[in-house]
Amino acid sequence: LPWPLAGKTGTSNEAMDTWFVGFSPDLVVGVFIGFDRPRSLGPGEQGASTAVPVFKDFMAAALEGTPPIPFRIPPGIRLVRVDPETGLPAPADAKNAILEAFIPGTEPKFGDRPVLDGALALDQSRIKKGTGGLY
Numbered sequence: 003l004p005w006p007l008a009g010k011t012g013t014s015n016e017a018m019d020t021w022f023v024g025f026s027p028d029l030v031v032g033v034f035i036g037f038d039r040p041r042s043l044g045p046g047e048q049g050a051s052t053a054v055p056v057f058k059d060f061m062a063a064a065l066e067g068t069p070p071i072p073f074r075i076p077p078g079i080r081l082v083r084v085d086p087e088t089g090l091p092a093p094a095d096a097k098n099a100i101l102e103a104f105i106p107g108t109e110p111k112f113g114d115r116p117v118l119d120g121a122l123a124l125d126q127s128r129i130k131k132g133t134g135g136l137y
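Residue numbers (our numbering): 3 to 137.
(1) What are the boundary residues of the alpha helix (DSSP H) that includes K111?
(2) Could you have a look at G132 and say whether DSSP puts it in helix, strand or coil?
(3) Would you mind sorting P27 into buried or exposed? The rule is 16 or more other CB atoms within 10 Å of its CB.
(4) Report buried or exposed for E47, applying the criterion of at least 16 other Cβ atoms within 10 angstroms of its Cβ.
(5) So, for G49: in the same chain, excluding its five sequence neighbours on each side, which residues have a beta-carbon less than 7 Å away from its beta-carbon?
(6) Can you name the start and end residues of the beta strand (DSSP E) that T13 belongs to?
(7) Determine the DSSP secondary structure at D67, reduced to helix, strand or coil.
This is the structure:
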């Protein structure tokens, strides 16, 4: 889909039900798949294979004709370049670094490594997509 989207899947014990909660910058949707009287959906059923397709179809219809709107960074949030494997601050020349959002004072110690304030970091192209290619 051409819009920025994110979400989280879930599957109960023995695949009795599956779910997905997903969102765009301006719309939140929850999808639940299951029976009124609990029973298994079948072996191997997961939120990604049952609930996500419903979410995808709904969002395609709900957002049709609207321009993609990037996720906005709330005021006061600090973006710190981190190594995705260690969670530690990454040097400016690190090729695999991503930007992670922190409430000021909760970010990892960064010494002299560069930090971007949310208000200054409006270039969304520098932020790695959070869905990891989900769509």
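Just so you know, even glycine gets a beta-carbon here, dropped at the ideal spot from N, CA and C.
Treat the numbers as computed from the prediction; the structure is a model and nothing was measured.
According to the data block:
(1) Segment: none, K111 is in no alpha helix (DSSP H) and carries neither H nor E.
(2) Low per-residue confidence applies at G132: pLDDT is 48, beneath 50, and the placement is therefore not dependable, though the value from the model is reported in the following sentence. G132 falls in the coil class under three-state DSSP.
(3) exposed
(4) buried
(5) T11, G12, T13, T20, W21 and F22
(6) A8 to T13
(7) The sequence given here has Gly at residue 67, not Asp. Looking at G67 - three-state DSSP - the assignment turns out to be coil, as it is neither helix nor strand.
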